[in-house]
Amino acid sequence: MPEEKRQQEDLQPFIELQEKLAMNISFQQAVQQQLQRSMISTKRSELTLQELSSMSNSVPMYKQVGKAYFMAPMQQVVDELKDDISGSQDEAKKLVQQREHADKAIRATEAEIQELMKAHPEAVKQLAAMGS
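Just so we're aligned: the sequence shown equals residues 28 to 159 in our numbering.
This is the structure:
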């Protein structure tokens, strides 16, 4: 029994680091998905703004509010699109920083795992035996 407990204690740091790595990877993927959505939103607003710029101010504009459409002045629609673009770009900058932070955390955790593997080769063998 004491031998089994010691083996479990040797494996505990590996298990904790693997869990930490999995959490960091999950966070990185979530941030990447949010970043893609933000970029799509920015591009959609930019394309809409580009199309509106080719139209005259006399063309009737409609703004969606929920499931309804209401007539709105063209300048109001353009201003809202510009605000959307600006907000999406700001969000994208924050998400890029979060992604970089997650990348650093992943690299640091991987380095910790490598160091632990070098320091405890017998625990690595135990993990390999457990995985088989």
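We put the CB at the ideal spot given by N, CA and C, even for glycine. Just so we're clear, the structure is a prediction, and the values are computed from it rather than from any experiment.
Anticipated Cβ contact below 8 Å, I81 with D111, distance rounded: Residue identity differs from the one stated: residue 81 is Ser in this sequence, not Ile. Contact flag wrong, Cβ pair sits at about 19 Å.
Reduced DSSP secondary structure (H/G/I, E/B, other) of K90: Reduced to three states, the DSSP call for K90 is strand.
Touching by the beta-carbon criterion (3+ pairs, under 8 Å), the region 49 to 64 and the region 76 to 96: No contact exists between the region 49 to 64 and the region 76 to 96.
Own chain partners of A99 with C-beta closer than 8 Å, once the 5 adjacent residues on each side are dropped: Taken in chain order, the residues that qualify are M88, Y89, K90.
Contact the region 125 to 140 vs the region 56 to 72: 3+ CB pairs below 8 Å: Verdict: yes, contact present.
Element boundaries [beta strand (DSSP E), containing M98]: That run of the beta strand (DSSP E) goes 95 to 99.
Secondary structure of M144, DSSP reduced to three states: For M144, the secondary structure class from DSSP, reduced to helix, strand or coil, is helix.
Buried or exposed (CB count within 10 angstroms, at least 16 for buried), V58: A residue is called buried once 16 or more other Cβ atoms fall within 10 Å of its Cβ, and V58 is buried on that count.
F41 beta carbon less than 8 Å from that of L108: Against a cut-off of 8 Å, the Cβ pair of F41 and L108 comes out as no contact.
Alpha carbon of N84 to alpha carbon of M101, nearest angstrom: Roughly 6 Å between the two C-alpha positions.
Member of D130, K152, G114, Q39 whose CA lies at the smallest distance from the CA of Q56: With distances taken between Cα atoms, Q56 lies closest to D130.
Cβ neighbour criterion (16 or more within 10 Å) applied to S115: Counting other Cβ atoms within 10 Å of its Cβ, S115 reaches 16 or more and is therefore classed as buried.
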